[in-house]
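First comes the structure, then the notes that go with it.
Protein chains: 4
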Amino acid sequence: MSHNSFGHLFRVTTWGESHGPALGCVVDGCPSLIGITEEEIQFWMDRRKPGQNRFTTQRKEPDTVKILSGVFEGKTTGTPISLMIENVDQRSKDYGDIKEKFRPGHADYAYQTKYGIRDYRGGGRSSARETAARVAAGALARKILGEGVKIQGYLTQIGDQVIDRNRFDAEEIEKNAFWCPDPVAAKGWEEYLDGIRKSGSSVGAVIEVVASGVPAGLGAPIYGKLDSDLAGAMMTINAVKGVEIGEGFSAAALTGEDNADEMRQGNGKDPRFMSNHAGGILGGISTGQDIVVRFAVKPTSSILKTRDTVTIEGDNTEIITKGRHDPCVGIRAVPVGEAMMACVLADHLLRHRGQQG
Amino acid sequence: MSHNSFGHLFRVTTWGESHGPALGCVVDGCPSLIGITEEEIQFWMDRRKPGQNRFTTQRKEPDTVKILSGVFEGKTTGTPISLMIENVDQRSKDYGDIKEKFRPGHADYAYQTKYGIRDYRGGGRSSARETAARVAAGALARKILGEGVKIQGYLTQIGDQVIDRNRFDAEEIEKNAFWCPDPVAAKGWEEYLDGIRKSGSSVGAVIEVVASGVPAGLGAPIYGKLDSDLAGAMMTINAVKGVEIGEGFSAAALTGEDNADEMRQGNGKDPRFMSNHAGGILGGISTGQDIVVRFAVKPTSSILKTRDTVTIEGDNTEIITKGRHDPCVGIRAVPVGEAMMACVLADHLLRHRGQQG
Amino acid sequence: MSHNSFGHLFRVTTWGESHGPALGCVVDGCPSLIGITEEEIQFWMDRRKPGQNRFTTQRKEPDTVKILSGVFEGKTTGTPISLMIENVDQRSKDYGDIKEKFRPGHADYAYQTKYGIRDYRGGGRSSARETAARVAAGALARKILGEGVKIQGYLTQIGDQVIDRNRFDAEEIEKNAFWCPDPVAAKGWEEYLDGIRKSGSSVGAVIEVVASGVPAGLGAPIYGKLDSDLAGAMMTINAVKGVEIGEGFSAAALTGEDNADEMRQGNGKDPRFMSNHAGGILGGISTGQDIVVRFAVKPTSSILKTRDTVTIEGDNTEIITKGRHDPCVGIRAVPVGEAMMACVLADHLLRHRGQQG
Amino acid sequence: MSHNSFGHLFRVTTWGESHGPALGCVVDGCPSLIGITEEEIQFWMDRRKPGQNRFTTQRKEPDTVKILSGVFEGKTTGTPISLMIENVDQRSKDYGDIKEKFRPGHADYAYQTKYGIRDYRGGGRSSARETAARVAAGALARKILGEGVKIQGYLTQIGDQVIDRNRFDAEEIEKNAFWCPDPVAAKGWEEYLDGIRKSGSSVGAVIEVVASGVPAGLGAPIYGKLDSDLAGAMMTINAVKGVEIGEGFSAAALTGEDNADEMRQGNGKDPRFMSNHAGGILGGISTGQDIVVRFAVKPTSSILKTRDTVTIEGDNTEIITKGRHDPCVGIRAVPVGEAMMACVLADHLLRHRGQQG
């Protein structure tokens, strides 16, 4: 057991606080002889890093990743890979007020109650900065999965604005600030989120992550089910309040015949599925279809609106949270969700290989 | 790592197939000197056992639990507790047809592809019979949590029929066959589910499980978050396709100010929360509020409707699944969801005590 | 984490007490499609079972193993394998005296202090009966390792009687009651141990277990080193007080040049080693040479000699332990040591395959 | 599972190679509110660091430890503690020859065979430099254990030179270069080891580590036995080939009556033990007596003597290992053994508290 680790054969341990000198992760169990460079990891880091447009936090962090161990002459050696990202733009003075008061909806109160101490600067360990380490680990996981596995995340909803699936165009995802596959929606979201941002408020989002090319057979029933591990992994991302696989909550309203993904003879030895209500997982095991995971992110709890709260002594007070915050932290959750998908799949690929050869 | 275990300090390992001689679990890490009898465990078993009314499978299983180890003179000894439930009503001949064909939406195909073999009798390991072992373990977990923690599950939706929260009455839950807290809805569901059942179809459901009296401080960020462990745990239950904490997916549409659970000075040292959008968990740590988890169960995939599928050789065919099946497996998922809640909370109680004393 | 489990991909959880209704284990992670029958497991059980000659406990236990799950039509299915052995010859009345008194050198005091309760009947969980479950699991592990891996244990010392390595003859091991490879020593041990037994005393032993045919590359530095896992595994066997790999403690007195296992070009791609001081493991990884592990077992603490002790209230008293005990529990530790070797190697075989393919 | 982690509630993950930019560890699960500074950790680092006298490697490493996370305003916060030590004196050119040849008795061959690649510079991951991270973690573990627990390691043997236990004087341990408790032996060892060193050879050693003040009740039978975890932990230290608890291998030759640690009524509720053959552990659980662990370290395999070996292509060759090496790596193993004792005890303290409160 380790509170700050996930995965089993591909195991990631993260460390670091928002305003400490650095954060990072140790990736253990990575197969040897995998070519990897800091530049390749940086490519994924840059997709998550803050301050890239007006819809995310204005904290300026280059999120430059350094490989400290486990890679020799450009290849993994099978030993633990230590990755470090230095914090450079902390501005701790911004956070004076939250030292004494709990932000409603934030982890402040829970950390203080559990540990009797908390690093209040920028949320400390509970800050979304921790997710940078996941993205770094995810870059390695993608290498293990290989070129055949594609992982793509995108927003399907921001606040109460939902995409129109009829306009879904994967090409659009990287063309707007929202990882939005619906170009019409993306346009509208700019104005919508500008309004949220200017009012000092925030909204939530729904992110969908799809992995294609995943071989059948990954996942280890009963308590190592692929969907269980994916649900658990996504729920560890800051602010996530719900996770769905495939049809998700909509499946409750379906009949057995509508929900059944019928099968027909395929070209090779594998059958074709006529639909994918299951989201690519049956009985906790991948079927070879696209793995489809969706998760809901709540609105950022650090807002410029006045809210009732208490001090750490328990007295009534009010709080307005200044500082630099994402008006919708769900946007930057897209590369994080992709990274978690990659890590979970890489772990299960190794686990399956271990048990079944 | 263990595919068939969950929990860390309170650790449950389950074993057994639908049509084998028995199934059971080993519970390790249970504190010593806890009074427990077979009768106390049986009380919870009886809530889940099949064949109690026309809305669940007609398989007759007494689900009699035996304590094989770890309890001495009525008290736990701190050593592993082995619990066994013998299967008595297998009727394996019912399942001849599924030996050669894959049920769409069922784990058949995935197990065969992963393992190259499957115990097709009653679904083997993928059968919901496995959940009996969880309920047995949950009875122990409840003992660890003590009288102060109450765990209550119920259906909020069956098929497309949703309860009216204005009619919510906890007293009603145990008075109908559906664990339904809305007496009007419960009445309507009888006719609705009779229709589904008689047509040979099935529907899904949404289950909500609430734990009250849970102390603040449980949960271990980042990858041992209480909500992550709950999401992972619920997703291991057969047929579950989605999990939410508190506001869940609805949180995406809220603004930061609406979602914030404001705090006011309490009577003692703990503050009062003015709402519970968070579902009792902030930053992965319990806050002392009610823990609220919801999960969606898909419709049973074993139905009397004809569906297209393939044989294990990959040839096109059709299938109708005879045998005894739950028209809505979500009903019996209520005691299972409660048990998983109990197990996860008990584990985190011990983990918190280990780290923080 | 699980106190009563070991291994990672091949994971064994044991349960049961000396005088409970049964004991057993759950083996998780076993690859599918491995042929296994109860008879094959029984073959190994019979080597460990008590009462086979006058040098071991006279408790009569057939140690009949039952497969309760995970095997279908003679083959493993990849799901957990539950194995159960019923206790039939408990005779609990023999143990009345130890209810109130602690046997010096026995786990009685430690269990009572830790748990505040203990199943004093036959030592409860601390009884060597628990090792029956390991032998059952070891039978499965041997199947995973395949025919190419041979595991052989034997005694090299009993009390102060040490074998003469010049007379080492592997053929002799199964021909005497002591798993002794030195026929002259074996002859002498009969008289020696008869004396010990008749005087109501006991002695310790040293067991050596050798695995040949183990592929190079097993073991995962740093904290999953093969020798670390072997040392930990052997030290879990009742009464073991020391473990050595290869040269062991003698290595301390060697010079670097004497201890170096020089290498020469082999016939194939693998080199030949000119000696095996390392015991087949370098840097925590198997080299392809024989794996050589030795462990020391202390004398049985349940003896017919009067010893000073205290009652559970802490008052001074004396104790003589009646009942049926092994005059040298080290003899029956041989099949147990072999089983632990098999389980550790099988686990590492799967782990290596998982990481390195 | 994680190959490069140990412990469960107090969990340490190490990373880094001998000639990489840095090495370090992440300590997870440490309770909050423990006061700790870099200076306090450095105190222990300085006891292990190389180049302090002519009997250890002449590599000059300050081994300056930096706290990167998990400590706020001088106290632990309950979040992961990342500790880093930069390598400053690598001199990689010293190691040119071992790129192409395997040192007999060294991990070179095993790493190459397992991973198909190895960081040959200074032994890469297999270097004893890794143990610096353990000593850093051990400093935290000692804080958890508190002032009441004393851990002291020392050499009882170097090469074939054994101390005289009649001259044992704990005060002497820190007064010589060998952590030797026998002042007469220590004097003789200088000349002895100078001879070994000057001849380009090396010798092994036996280290004893004693922990006093450890509360009774730590250890979790069966597979989490305290002695099993200690044996496994010590065996992960570079070059260790054997581990003993208490009487160890000598216990094999004792009779049951001689080995029994008799008990007498104590002053308080705890009894007094009249001897400590058990080394403070019975049935895998601490008894309150001193925990006594001994381990044997083989001679350094990097020596200036010519040895036969093969190239990575498998051809016959010879090797002399130049560079800076410890003539007896066992000397610097003393602080490492102490650290491992501290880490294992701290972990079990938290585990016991978790289960038993």
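Protein chains in written order, with my numbering: chain A, 1 to 357; chain B, 1001 to 1357; chain C, 2001 to 2357; chain D, 3001 to 3357.
Cβ coordinates follow ideal geometry from the N, Cα and C atoms, glycine included.
What you are looking at is a predicted structure, and each value in this text was computed from that prediction instead of being measured.
From the DSSP output, read off the bridge partner residues of Glu73(A).
Listed as beta-bridge partners of Glu73(A) by DSSP are no residues whatsoever.
On the CB-based measure, 16 or more other CB atoms within 10 Å of its CB, does Val1065(B) come out buried or exposed?
By the 10 Å Cβ count, Val1065(B) comes out buried.
With three or more C-beta pairs closer than 8 Å as the rule, is the region 3052 to 3061 of chain D touching the region 2022 to 2031 of chain C?
Segments in contact, no.
My guess is that Gly219(A) and Leu2350(C) are in contact by the Cβ rule of under 8 Å, so how many angstroms apart are they, rounded?
Contact doesn't hold; Cβ gap of about 17 Å is too wide.
To which residues does DSSP link Ser3126(D) through a beta bridge?
In the DSSP secondary-structure assignment, Ser3126(D) is not bridged to any residue.
For Arg1351(B), does the three-state DSSP call read helix, strand or coil?
When DSSP states are grouped into helix, strand and coil, Arg1351(B) belongs to the helix group.
Quick one: list the residues of chain C neighbouring His1003(B), beta-carbon separation under 7 Å, in chain order.
Under the 7 Å cutoff, chain C gives Asp2028, Gly2029.
Distance check for Pro2050(C) and Val2088(C), CA to CA, integer angstroms please.
Their backbone Cα atoms lie some 12 Å apart in a straight line.
DSSP on Leu2193(C), reduced to helix/strand/coil?
Looking at Leu2193(C) - three-state DSSP - the assignment turns out to be helix.
Taking only runs of the alpha helix (DSSP H) that begin and end inside the region 117 to 191 of chain A, which ones reach a length of at least 4 residues, in chain order?
Counting only runs of 4 or more, we get 131 to 145.
Any chance you could list the alpha helix (DSSP H) runs of at least 4 consecutive residues sitting entirely within the region 2225 to 2278 of chain C, in chain order?
The region 2225 to 2278 of chain C contains, as complete alpha helix (DSSP H) runs of 4+ residues, the segments 2226 to 2235, 2256 to 2259 (chain order).
Output the boundary residues of the beta strand (DSSP E) element that contains Ala1107(B).
Counting along the chain, Ala1107(B) falls outside any beta strand (DSSP E), and DSSP gives it neither H nor E.
With Thr300(A) and Val329(A) assumed to form a contact (beta carbons below 8 Å), what rounded beta-carbon distance in angstroms separates them?
Confirmed, about 5 Å.
With a CB to CB cut of under 6 Å and the five nearest residues on each side skipped, what residues in its chain are close to Val1344(B)?
The beta carbon of Val1344(B) lies closer than 6 Å to those of Asp1229, Leu1230, Ala1233 in the same chain, with the five residues before and after it left out.
Are there three or more Cβ pairs, one per stretch, closer than 8 Å when the region 245 to 253 of chain A is compared with the region 1237 to 1251 of chain B?
At 8 Å Cβ cutoff, the stretches touch.
Residue closest to Val1336(B), alpha-carbon to alpha-carbon, out of Met1235(B), Gly1200(B), Gly1195(B), Gly1020(B):
Looking at Met1235(B), Gly1200(B), Gly1195(B), Gly1020(B), the one whose alpha-carbon comes closest to that of Val1336(B) is Met1235(B).
Can you list, in chain order, the residues of its chain with a C-beta nearer than 6 Å to that of Glu1017(B)? Leave out the 5 residues immediately preceding and following it.
Within the same chain, Cβ atoms closer than 6 Å to the Cβ of Glu1017(B) are found at Asp1119, Gly1124, Arg1125, the five residues on either side in sequence being excluded.
For a contact meaning CB atoms closer than 8 Å, what does Leu349(A) contact in chain B?
Within chain B, no C-beta atom comes nearer than 8 Å to that of Leu349(A); the closest sits roughly 12 Å away.
Which of the three DSSP states, helix, strand or coil, is assigned to Leu1068(B)?
Coil at Leu1068(B), not helix or strand.
Taking Cβ positions only, does Arg3353(D) come closer than 8 Å to chain B?
By the rule that beta-carbons nearer than 8 Å mark a contact, Arg3353(D) touches chain B.
Tell me, please, whether the CB atom of Ile3303(D) is closer than 8 Å to any CB atom in chain A?
Output row for Ile3303(D): interface = no.
Here's the rule: buried if 16 or more other CB atoms are within 10 angstroms of the residue's CB, otherwise exposed. What is Phe43(A)?
A residue is called buried when at least 16 other Cβ atoms come within 10 angstroms of its Cβ; Phe43(A) does not meet this threshold and is exposed.
Return the first residue and the last residue of the alpha helix (DSSP H) that Glu1038(B) is part of.
Start and end: 1038 to 1048.
First and last residue of the uninterrupted beta strand (DSSP E) at Thr384(A)
Coverage of chain A is limited to positions 1 through 357, which leaves residue 384(A) absent and any answer about it impossible.
Over what stretch of residues does the beta strand (DSSP E) that includes Phe3295(D) continue unbroken?
Its beta strand (DSSP E) spans residues 3291 to 3297.
Which of helix, strand or coil DSSP assigns to Thr113(A):
Per DSSP, reduced to three states, the secondary structure at Thr113(A) is helical.
Tell me the residue span of the beta strand (DSSP E) that contains Gly3359(D).
No answer is possible for residue 3359(D): it lies beyond the span of chain D, which begins at 3001 and ends at 3357.
Measuring CA to CA, which of Ala3132(D), Glu3257(D), Leu3226(D), Thr3131(D) is closest to Arg2103(C)?
Answer by Cα proximity: Glu3257(D).
Which of helix, strand or coil does DSSP assign to Ala2205(C)?
Here Ala2205(C) carries a strand assignment [DSSP, helix/strand/coil].
Is there a Cβ of chain G sitting closer than 8 Å to that of Gln1265(B), yes or no?
The question asks about chain G, but that chain is absent: this structure's protein chains are A, B, C and D.
With 8 Å set as the bound, which would you pick, yes or no: does the beta-carbon of Arg1118(B) sit closer than that to a beta-carbon of chain C?
It does; some Cβ of chain C falls within 8 Å.
Please compile the residues from chain A whose C-beta is within a distance smaller than 8 Å of the C-beta of Gly2078(C).
Within chain A, the residues near Gly2078(C) are Gln355, Gln356.
Is it the case that the Cβ atoms of Thr3076(D) and Ile3034(D) are separated by a distance below 8 Å?
Cβ distance < 8 Å, so Thr3076(D) and Ile3034(D) count as in contact.
Distance check for Glu2262(C) and Leu3304(D), CA to CA, integer angstroms please.
In a straight line, the C-alpha of Leu3304(D) is about 15 Å away from that of Glu2262(C).
Is there a C-beta anywhere in chain A that falls below 8 Å from the one on Pro1221(B)?
Closer than 8 Å to the CB of Pro1221(B) there is at least one CB belonging to chain A.
With a 10 Å radius around its C-beta and 16 neighbouring C-beta atoms as the bar for buried, classify Thr3113(D) as buried or exposed.
Buried is the call here.
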